[in-house]
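Okay, structure first, notes after.
In structure tokens:
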């Protein structure tokens, strides 16, 4: 067994990762359903949710136009504010 330390990312390095990506292929925006052309900027959201179809969790990965995601986030903020 060696005493070499393993290099891991610090919290600061994680926070510098870019959320906006350049597409290598055409994607479809999950909000407006319009195409995201190759070589244009988009944002990918990923997560895990409880599955209703089987026991376990379901992975999701969605592509968004930056403007569509901003609109959706505003809608969610407003809805949460109204709920109290």
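Numbering (our numbering), first residue to last: 26 to 109. Built from N, CA and C at the ideal position, the CB exists for glycine as well. The structure presented is a predicted model; accordingly, all values stated were derived computationally and were not measured.
inquiry  = When you compare the stretch 57 to 65 with the stretch 97 to 106, are there three or more beta-carbon pairs, one atom per stretch, that lie closer than 8 Å?
reply    = no
key: Simplified DSSP state of residue 62, which is helix, strand or coil   = coil
task = Indicate whether residue 86 and residue 71 have their beta-carbon atoms separated by less than 7 Å.
result = yes
task = Select from 51, 68 and 48 the residue whose C-alpha is nearest the C-alpha of residue 90.
result = 68
ask   = Is residue 72 helix, strand or coil when you go by DSSP?
value = strand
ask   = Thinking just about the alpha-carbon of each residue, which of 104, 102, 88 and 82 is nearest to the one in residue 45?
value = 88
Simplified DSSP assignment, three categories, for residue 95 = helix
inquiry  = Whole angstroms are fine: how far does the CA of residue 94 sit from the CA of residue 110?
reply    = Nothing in the structure corresponds to residue 110, since the chain is present only between 26 and 109.
task = Rounded to whole angstroms, what's the CA-CA distance from residue 75 to residue 58? Just pull it up for me.
result = 24 Å
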